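2 protein chains.
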Amino acid sequence: MSFKEFSKTVMVSMEDICRDIFHANKGTIKVKKEAVGVRNLINIYDATLRLSNRKGFHAMSLRDLARESGLSLGALYSYFSSKDQLLGIIQEQGYRMTTKMLSDEIKKASDPAEKLEVAVRTHLYLSEAMQPWFYFFYMEARHLDKEEQKKAIASELYTEQLFVSILDDGIKQGCFRPHDTVMVASVIKAMLQDWYLKRWKYSRRKVTVDDYAGFVTGFIGAYVNSPGKAMPS
Amino acid sequence: MSFKEFSKTVMVSMEDICRDIFHANKGTIKVKKEAVGVRNLINIYDATLRLSNRKGFHAMSLRDLARESGLSLGALYSYFSSKDQLLGIIQEQGYRMTTKMLSDEIKKASDPAEKLEVAVRTHLYLSEAMQPWFYFFYMEARHLDKEEQKKAIASELYTEQLFVSILDDGIKQGCFRPHDTVMVASVIKAMLQDWYLKRWKYSRRKVTVDDYAGFVTGFIGAYVNSPGKAMPS
DNA sequence: GTCTATAGTGCGATAGAC
DNA sequence: GTCTATCGCACTATAGAC
Chain A
3 MSFKEFSKTV
13 MVSMEDICRD
23 IFHANKGTIK
33 VKKEAVGVRN
43 LINIYDATLR
53 LSNRKGFHAM
63 SLRDLARESG
73 LSLGALYSYF
83 SSKDQLLGII
93 QEQGYRMTTK
103 MLSDEIKKAS
113 DPAEKLEVAV
123 RTHLYLSEAM
133 QPWFYFFYME
143 ARHLDKEEQK
153 KAIASELYTE
163 QLFVSILDDG
173 IKQGCFRPHD
183 TVMVASVIKA
193 MLQDWYLKRW
203 KYSRRKVTVD
213 DYAGFVTGFI
223 GAYVNSPGKA
233 MPS
Chain B
3 MSFKEFSKTV
13 MVSMEDICRD
23 IFHANKGTIK
33 VKKEAVGVRN
43 LINIYDATLR
53 LSNRKGFHAM
63 SLRDLARESG
73 LSLGALYSYF
83 SSKDQLLGII
93 QEQGYRMTTK
103 MLSDEIKKAS
113 DPAEKLEVAV
123 RTHLYLSEAM
133 QPWFYFFYME
143 ARHLDKEEQK
153 KAIASELYTE
163 QLFVSILDDG
173 IKQGCFRPHD
183 TVMVASVIKA
193 MLQDWYLKRW
203 KYSRRKVTVD
213 DYAGFVTGFI
223 GAYVNSPGKA
233 MPS
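Protein chains in written order, with my numbering: chain A, 3 to 235; chain B, 3 to 235.
This is the structure in structure tokens:
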């Protein structure tokens, strides 16, 4: 599957995400009409990601946000109860959505080698389609309160664990050579994260997400695949 | 060379760094006595890194910094002319020092395979010895003004280029198989950065920097080394 | 060289009109 | 449901005593 195909089938629109959040946070969102609420949430989150990813969530003032989203300062408070809560809502919704989509896609594959490639591709495609969200998750995680930081860490470890399981299975079934699966999963995550953290670099070089996915898959394969068991000199 | 040996021979003390900065910024630093100046710079930068890495540079107030460094608000302004300048000083000095140390160490090695391993190890050891600095460079780069952001990008690309050159040489000399050296250098950087960005994870797992260096070297080797030219299934 | 006190600014959050 | 006006506070930066 290429990124283009992925976009058509799996693509979640900003509107879907915001509708989800709208219903999940009926307690704090004072606006009752879905059409109005969702439309404004789109504006608000969109503006938040744009401003935060430029200069940091903390450096973004609610006055900035009001201007960029087209709402007034007062109106913003109909959609969240404090600036910190705004941060929390965006983060938490993000984990829920991305971990779910990743697990769902992996289940579709059968043998470990295929699962590994699907997991890599899906993660990259997701982060490509939702780059501002992923960048935000990574860079703003430390501004969460203690309780929510735990969720961020859990999310990181959960994704990593998906890769560990695939690798362990592959070794058991003999299609991967034995290796330290936790370490390999760690560096796989590092490579996947580099894609959305350094987008400026890859864009400049005209490396597409499909190029990157192909390269990373091959790079991992050279280490884990069993056939040429020859170790480096 | 292990990290322990590296620490003894190459280790730069906080004091050396601060003495460098003290002399390089005589213009803005109002204190004239070196002993006093350097001692307080150590306190200030140490406190800045500690507070910033916990909750972000922007979220750290100068009142926080005064408390943590043991100086008064007024005294702080004898060591920098604005909060933004403090950020700039720490960043710029960091690039200067780290790129220099990295280049110097690489020059000592002869053949490409050895150079590659030395570059990986040196980068990891440096970031281990100065973890708060490296974390700070990465996370606060976007809060720099435009001029200084260019320097940050240049620094990232310079380090990457060191790896590209080593890989290109290795291919030319036949000890590495032909491959996309720019892409390989990119993911090498991603793996090196993961070490200081996710220290909590590796500490928790009791992975030492020597463990990580050995693993990463082997992981790269599986892809670039020529002997077992067998490509994955 | 370091302190305390404070000027001046811009923030998050709220109240109440429409 | 959205607006404008404003409160109280915390911030960066400076002035002037010691």
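Idealized CB from N, CA, C, for every residue including glycine.
On a predicted model such as this, the values are computed, not experimentally measured, just so you know.
Check: Amino acids of chain A, ordered along the chain, whose beta-carbon sits closer than 8 Å to that of Val218(B); Outcome: Val189
Check: Extent of the continuous alpha helix (DSSP H) to which Leu53(A) belongs; Outcome: Glu36 to Lys57
Check: Proximal residues, the stretch 59-70 of chain A versus chain B, C-beta separation under 7 Å; Outcome: His60 and Ala61
Check: Secondary structure of Phe178(A), DSSP reduced to three states; Outcome: strand
Check: Outcome for Tyr160(A) when other beta-carbon atoms lying within 10 angstroms are tallied against a minimum of 16; Outcome: exposed
Check: Sheet register partners of Asn227(A) (DSSP bridge); Outcome: Phe178(A)
Check: Proximity below 8 Å, CB of Gln95(B) to CB of Asp147(B); Outcome: no
Check: Closer than 9 Å at the beta carbon, the chain A residues around His25(B); Outcome: What His25(B) touches in chain A: nothing, since even the nearest Cβ is about 32 Å away.
Check: Closest residue to Asp18(A) among Gly39(A), Glu7(A) and Lys6(A) (Cα-Cα distance); Outcome: Gly39(A)
Check: Contact with chain B by Lys85(A), beta-carbon distance below 8 Å; Outcome: no
Check: Glu142(A) and Leu78(A) closer than 8 Å at C-beta; Outcome: no
Check: Top-ranked residue by Cα proximity to Ser112(B), from Asn45(B), Leu126(B) and Asp171(B); Outcome: Asp171(B)
Check: Same chain only: Cβ atoms within 7 Å of Arg201(A), ignoring 5 sequence neighbours per side; Outcome: Gln133
Check: Best match in Tyr198(A), Tyr81(A) and Leu53(A) for proximity to Asn27(A) [C-alpha to C-alpha]; Outcome: Tyr81(A)
Check: Cβ-Cβ distance between Val189(B) and Val218(A) below 8 Å; Outcome: yes
Check: Counted within 10 angstroms of its Cβ, other Cβ atoms place Arg56(B) as buried (16 or more) or exposed; Outcome: exposed
Check: For Leu194(B) and Glu162(A), the rounded distance between their alpha carbons; Outcome: 17 Å
Check: Close-in-space but distant-in-sequence residues of the same chain around Pro234(A) (CB under 8 Å, 5 per side omitted); Outcome: For Pro234(A), the pLDDT reaches just 44, beneath the cut-off of 50, and the residue's location in the model is therefore unreliable, leaving the point undetermined.
Check: The alpha helix (DSSP H) enclosing Leu67(B), as first and last residue numbers; Outcome: Leu64 to Ser71
Check: Cα-Cα separation, Lys117(B) to Leu128(B); Outcome: 16 Å
Check: As assigned by DSSP and simplified to three states, the class of Ala111(A); Outcome: coil
Check: Contact set between Met193(B) and chain A, taken where Cβ atoms lie within less than 8 Å; Outcome: Val189, Ala192 and Met193
Check: Contact with chain A by Phe221(B), beta-carbon distance below 8 Å; Outcome: yes
Check: Reduced DSSP secondary structure (H/G/I, E/B, other) of Tyr81(A); Outcome: coil
Check: Close Cβ partners of Ile91(A) (< 7 Å) along its chain, the five nearest in sequence each way excluded; Outcome: Ile23, Asn27 and Phe82
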